[in-house]
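Asks:
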Amino acid sequence: MITPRPDLKVVLATQPIDFRKGVHGLVALVAEALKADPYCGDVFVFRSKRKDRLKLLIWDGSGLILATKWLEDGGFPWPPVRDGAVRLSAVQFALPLDGLEWRAAAPSPVKTPRWMG
Numbered sequence: 016m017i018t019p020r021p022d023l024k025v026v027l028a029t030q031p032i033d034f035r036k037g038v039h040g041l042v043a044l045v046a047e048a049l050k051a052d053p054y055c056g057d058v059f060v061f062r063s064k065r066k067d068r069l070k071l072l073i074w075d076g077s078g079l080i081l082a083t084k085w086l087e088d089g090g091f092p093w094p095p096v097r098d099g100a101v102r103l104s105a106v107q108f109a110l111p112l113d114g115l116e117w118r119a120a121a122p123s124p125v126k127t128p129r130w131m132g
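Numbering of the sequence shown is given in the working numbering, commencing with residue 16 and proceeding in unit increments.
If you want it as structure tokens, here you go:
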């Protein structure tokens, strides 16, 4: 189970993938295309070309977890297709899994205090 802890880092691959890829193919994709460590504990999220399926890859400390989600109707909201990845917070991660727009949970800027004392 993927626990949405506050320090959870989620990486969305913006390019759709060949959905026949398994664990080893996705590990190679994370390392080569996303330039990330697939064993760091971050959640890596990939989508199909039709936007109706997701694959999630995560290292839990003892092994790799590969989860898949299909939508019967509609598609997952996704950033524009380009090279690279988009990083999300734990809250933003929960939204696309429910079919909601992930940009709706954009954090408000926090202002630094100007005066102390």
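Using N, Cα and C, we set each Cβ at its ideal position, and we do this for glycine too. Remember, it's a predicted structure, so these values are computed and weren't measured experimentally.
1) Got a sec, what are the start and stop residues for the alpha helix (DSSP H) residue 60 sits in?
2) Would you tell me roughly how many angstroms separate the C-alpha atoms of residue 50 and residue 130, rounded to the nearest one?
3) Taking three-plus beta-carbon pairs below 8 Å as touching, is the segment 93 to 107 in contact with the segment 27 to 34?
4) Using DSSP's beta-bridge definition, name the partner residues of residue 32.
5) How big is the Cα-Cα spacing for residue 41 and residue 58?
6) Return the chain-ordered ranges of every alpha helix (DSSP H) run that is complete within the segment 49 to 106 and spans a minimum of 4 residues.
7) Quick one: Cα of residue 32 to Cα of residue 68, how far?
8) Which residue from 80, 44, 60 puts its Cα closest to that of residue 110?
9) If you compare alpha carbons, which of 38, 22, 65, 107 is closest to residue 79?
10) Is it the case that the Cβ atoms of residue 34 and residue 66 are separated by a distance below 8 Å?
11) With residue 40 as the anchor, note down where its alpha helix (DSSP H) starts and where it stops.
12) Leaving out five residues before and five after residue 83 in sequence, what residues of the same chain have Cβ atoms less than 8 Å from its Cβ?
Replies: Based on what the coordinates show:
1) Note, residue 60: premise wrong, no alpha helix (DSSP H); beta strand (DSSP E) at 58 to 62.
2) 41 Å
3) yes
4) DSSP lists no partner for residue 32.
5) 12 Å
6) none
7) 10 Å
8) 60
9) 38
10) no
11) 38 to 47
12) 68, 69, 70, 71
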